[in-house]
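All remarks here apply to the structure that follows.
Number of protein chains: 2
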Amino acid sequence: MASPTSTVENYLKEIYLAQERQGDQPVAMGEVARSLGVVPGTATSMIKNLARRGWAEYSPRIGVRLTDEGELVALNMIRRHRLLELFLVKTLGLDWSEIHEEAEQLEHAVSERVLDAMDAFLGRPTSDPHGDPIPSANGKMRQRKLVALSRCRVGAKAKVARITDQDSDFLQFVENQGLKPGTELTVTSRLPGADATGIALGESAPLTLGTRAAEKILVEEC
Amino acid sequence: MASPTSTVENYLKEIYLAQERQGDQPVAMGEVARSLGVVPGTATSMIKNLARRGWAEYSPRIGVRLTDEGELVALNMIRRHRLLELFLVKTLGLDWSEIHEEAEQLEHAVSERVLDAMDAFLGRPTSDPHGDPIPSANGKMRQRKLVALSRCRVGAKAKVARITDQDSDFLQFVENQGLKPGTELTVTSRLPGADATGIALGESAPLTLGTRAAEKILVEEC
DNA sequence: GTCTGGACTTTGAGTGCCCAAAATGACGGT
DNA sequence: ACCGTCATTTTGGGCACTCAAAGTCCAGAC
Ligand SMILES: [Mn+2]
Ligand SMILES: [Mn+2]
Ligand SMILES: [Mn+2]
Ligand SMILES: [Mn+2]
Chain A
-9 MASPTSTVEN YLKEIYLAQE RQGDQPVAMG EVARSLGVVP GTATSMIKNL ARRGWAEYSP
51 RIGVRLTDEG ELVALNMIRR HRLLELFLVK TLGLDWSEIH EEAEQLEHAV SERVLDAMDA
111 FLGRPTSDPH GDPIPSANGK MRQRKLVALS RCRVGAKAKV ARITDQDSDF LQFVENQGLK
171 PGTELTVTSR LPGADATGIA LGESAPLTLG TRAAEKILVE EC
Chain B
-9 MASPTSTVEN YLKEIYLAQE RQGDQPVAMG EVARSLGVVP GTATSMIKNL ARRGWAEYSP
51 RIGVRLTDEG ELVALNMIRR HRLLELFLVK TLGLDWSEIH EEAEQLEHAV SERVLDAMDA
111 FLGRPTSDPH GDPIPSANGK MRQRKLVALS RCRVGAKAKV ARITDQDSDF LQFVENQGLK
171 PGTELTVTSR LPGADATGIA LGESAPLTLG TRAAEKILVE EC
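For the protein sequence lines, the chains are A and B, in the order given.
Start counting the first sequence at -9; every next residue gets the next number (my numbering).
Start counting the second sequence at -9; every next residue gets the next number (my numbering).
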């Protein structure tokens, strides 16, 4: 009930994202600790707190799951985070590989009023600069069905829709190669032996991606 | 040395503003406590902290003064606060009477990078929506010499330059009467007995202000 | 010179969050 | 059944900030 501190907001958000990654499995304490950058004991005691306050269910030695109330807070934080990222890129012209940390702080400081003003200013967008969907104000998040570039058949035309890795070096690489969400490309080859996918963009020279990388680039049906 | 927490940032900013109000006198603990909304004992112990960490000088039973280093932090916070206020009003269209609290939170969350992007976006402005001067990135603050409306002679033409009261009700009144910074007006009467100043704006009906109010409205020379 | 009210300081305690390190539990291999 | 491993939990302690309430000081009144 009592409004969450910014630490709690971070926990709820990261638990939600971990749950999403794992297909709704309870999230282990180790995973929580890693996501939040704390020691496992800290995670355990914070999770007990979240449970006591009604945001999560805690099963010792199994993991945490958010309650409906917890999910609502988490989705609101994700909304804030992603709207802020988009705002920083589109309005203030910041580099999309550097905005994650900024949003990580700002998400706790913007009021609902400011957030809504930004949302309106941006024209009620539905995805952020990385292609991540932005939940609506009442906590609904559209899920597009996307495919990893690594799974597209050779010859397919595809449009980059989402980059599932916030690492700044990787994002910079994606940017340099012109692979940001929205870009159209053709899959030109697949070399399972070499663990690679070849692609071609409009003009520029063809490009080869390792499977590691091609898995992190999601495209609309191909 | 170690970077200030947001609590410390608030203390330094409020001490700076109090010092400014009092012509550089040391600021009493009671004043610090009132400005920060804490109990006096809390102020005393926090001030000792600031002193130990090199941001202030503390004379027991006298008051605090910022060191040069403390002033630099304070001016940076004031810069952040005022730039944010302007951004919220000019870019996001928020009501100027409601932005103070928003900026109070955001000032601790925006990075130097985001701040500079906003500054550029706004065209390197020199004053905020209330007419308060915005310190430069290196901590210089232009001081205009302004006069209280309550001290203008009858017949003078004057231009509103600054409103020295962040109270939301007062700001709303100022807004409703069309007295925001930039407005030009004429002083039509002074009634010391009635403790009032009469003014006329362009079209609208003449208006009478109590001295209380007229003191909080600063104008360019008159 | 003594008193006294009000400002200030000190003390003791609490909250929220964190870590280090010791204790515990569970699970697969033997 | 017994071990060892490794994740997890517990314990004890620390830091930053806060309040309540008791103690101290001082300026001005007398
Ligand atoms: Mn965050
Ligand atoms: Mn994103
Ligand atoms: Mn603040
Ligand atoms: Mn202002």
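The beta carbon of each residue, even a glycine, is placed where N, CA and C say it ideally should be.
This one's a predicted model, so the numbers in the text were calculated from it and none came from an experiment.
Assumed close pair residue i, residue j - CB separation to whole angstroms, cut-off 8 Å
i, j, result
"residue 140 of chain A", "residue 81 of chain A", "Not quite, the Cβ-Cβ distance comes to about 34 Å (not below 8 Å), so this is no contact."
"residue 165 of chain B", "residue 87 of chain B", "6 Å"
"residue 152 of chain B", "residue 120 of chain B", "7 Å"
"residue 99 of chain A", "residue 96 of chain B", "5 Å"
"residue 154 of chain A", "residue 208 of chain A", "6 Å"
"residue 4 of chain B", "residue 26 of chain B", "6 Å"
Residue i in three-state terms, based on DSSP
i, result
"residue 37 of chain A", "helix"
"residue 147 of chain A", "strand"
"residue 116 of chain A", "coil"
"residue 126 of chain B", "coil"
"residue 89 of chain A", "helix"
"residue 140 of chain A", "helix"
"residue 223 of chain B", "Here chain B comprises residues numbered -9 to 212, so residue 223 of chain B is not present and cannot be evaluated."
"residue 211 of chain B", "coil"
"residue 63 of chain B", "helix"
"residue 68 of chain A", "helix"
"residue 205 of chain B", "coil"
"residue 5 of chain B", "helix"
"residue 134 of chain A", "coil"
"residue 193 of chain A", "coil"
"residue 20 of chain A", "helix"
"residue 49 of chain A", "strand"
"residue 184 of chain B", "coil"
"residue 154 of chain A", "coil"
"residue 200 of chain B", "strand"
"residue -7 of chain B", "coil"
"residue 29 of chain A", "coil"
"residue 175 of chain A", "strand"
"residue 55 of chain A", "strand"
"residue 82 of chain B", "coil"
Identity of the residue in the options nearest residue i by Cα
i, options, result
"residue 173 of chain A", "A/14, A/187, A/19, A/149", "A/149"
"residue 65 of chain A", "A/52, A/6, A/42", "A/6"
"residue 210 of chain A", "A/188, A/171, A/181, A/184", "A/171"
"residue 127 of chain A", "A/50, A/115, A/136", "A/115"
"residue 196 of chain A", "A/113, A/125, A/176", "A/176"
"residue 105 of chain A", "A/76, A/133, A/83", "A/76"
"residue 91 of chain B", "B/78, B/16, B/54", "B/78"
"residue 2 of chain B", "B/11, B/54, B/49", "B/54"
"residue 145 of chain A", "A/187, A/94, A/85, A/112", "A/187"
"residue 48 of chain B", "B/58, B/27, B/17, B/32", "B/17"
"residue 118 of chain B", "B/72, B/162, B/154, B/147", "B/72"
"residue 135 of chain B", "B/212, B/25, B/46", "B/212"
"residue 206 of chain A", "A/193, A/178, A/142", "A/142"
"residue 14 of chain B", "B/56, B/111, B/84, B/194", "B/56"
"residue 0 of chain A", "A/-8, A/23, A/178, A/109", "A/23"
"residue 125 of chain A", "A/63, A/156, A/93", "A/63"
"residue 123 of chain B", "B/10, B/192, B/39", "B/10"
"residue 52 of chain B", "B/44, B/61, B/20, B/67", "B/20"
"residue 180 of chain A", "A/129, A/61, A/204", "A/204"
"residue 184 of chain B", "B/199, B/190, B/85", "B/199"
"residue 192 of chain A", "A/147, A/84, A/161", "A/147"
"residue 60 of chain B", "B/182, B/189, B/-6, B/50", "B/-6"
"residue 107 of chain A", "B/85, B/29, B/157, B/40", "B/85"
"residue 50 of chain A", "A/58, A/31, A/43, A/162", "A/31"
"residue 129 of chain A", "A/-2, A/25, A/28, A/58", "A/58"
Closer than 8 Å to chain B by CB, residue i
i, result
"residue 95 of chain A", "yes"
"residue 92 of chain A", "yes"
"residue 160 of chain A", "no"
C-beta neighbour in chain A for residue i, strict 8 Å
i, result
"residue 163 of chain B", "no"
When Cβ atoms are compared, which residues of the segment 97 to 109 of chain A fall closer than 9 Å to chain B? 97, 98, 99, 100, 101, 103, 104, 107, 108
If the cut-off is 8 Å on Cβ atoms, which residues from the segment 71 to 88 of chain B count as contacting chain A, listed in chain order? Listed in sequence order: 78, 81, 82, 83, 84, 88.
Along the segment 168 to 185 of chain B, what residues have a CB closer than 7 Å to any CB found in chain A? none
Residues around ligand 6, please: the condition is that the C-beta lies closer than 6 Å to some non-hydrogen atom of it. Among the ligands in the structure shown, ligand 6 does not appear; only ligand 1, ligand 2, ligand 3 and ligand 4 can be found there.
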